[in-house]
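See below for the structure under consideration.
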Amino acid sequence: MSGSIWRPWRQDERPVWWAWVQHEVAAPLDETDLDAVRKQAHDTGLTRHVLLTEAGGTVSAYLLVKADSAEEAAHVALRVVEAAHREAGHGLLGRSLRRSALPQRAGRLPE
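First residue of the sequence shown? That's 77 in the numbering used here, and the numbers climb one at a time after it.
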């Protein structure tokens, strides 16, 4: 993976992907935790439209990212999500369970 993933969103001409990352969580996240993670993810400048859901001991993040491939998009999303959880300060993020990415199409989230 090249260092090119760190270009500001508006200057990055690579394709846009919906990336999905799912992690275990040690304890339930409340809305304050989820808001803090959303804010931290958005503040990286590497994503748009952060959607977080929590259920059954897991947290899923859906992010728009720019990358050259689905594999790179999923990796970028994983790193953004891990950093956002760490910076949000709740320390509840567990191991990564799944990650994937699909080309962005209006109204479609990755499955």
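Every residue, glycine too, gets a C-beta built ideally from N, C-alpha and C.
Source: prediction; values computed, not measured.
Assuming contact is defined by CB atoms lying nearer than 9 Å, are residue i and residue j in contact in what I supplied?
i: R97; j: A137; result: Looking at the sequence provided, one finds Val at residue 97 rather than Arg. Contact flag set, yes.
i: L139; j: A153; result: yes
i: H166; j: D109; result: yes
i: A146; j: W85; result: no
Just the Cα atoms here: how many angstroms apart are residue i and residue j?
i: E107; j: L178; result: 27 Å
i: D144; j: P91; result: 6 Å
i: G121; j: R181; result: 21 Å
i: D119; j: R171; result: 23 Å
Who are residue i's beta bridge partners in DSSP?
i: S172; result: H99
i: A131; result: T134
i: K142; result: V92
i: R114; result: DSSP output for R114 lists no bridge partner at all.
i: R181; result: None, per the DSSP bridge assignment.
Below 6 Å CB to CB, which residues in the same chain sit around residue i once its five sequence neighbours on both sides are set aside?
i: A112; result: A164
i: H125; result: L140
i: A150; result: A95, R175, S176, A177
i: A160; result: V113, Q116, A117
i: T129; result: S136
Only counting the same chain, and skipping five residues up and downstream in sequence, which positions put a Cβ closer than 7 Å to that of residue i?
i: T123; result: A117, L139, L140, V141, V156
i: A103; result: L168
Within the same chain, show all residues whose beta-carbon is closer than 8 Å to that of residue i, passing over the 5 residues directly before and after it, in chain order.
i: L173; result: Q98, H99, E100, T134
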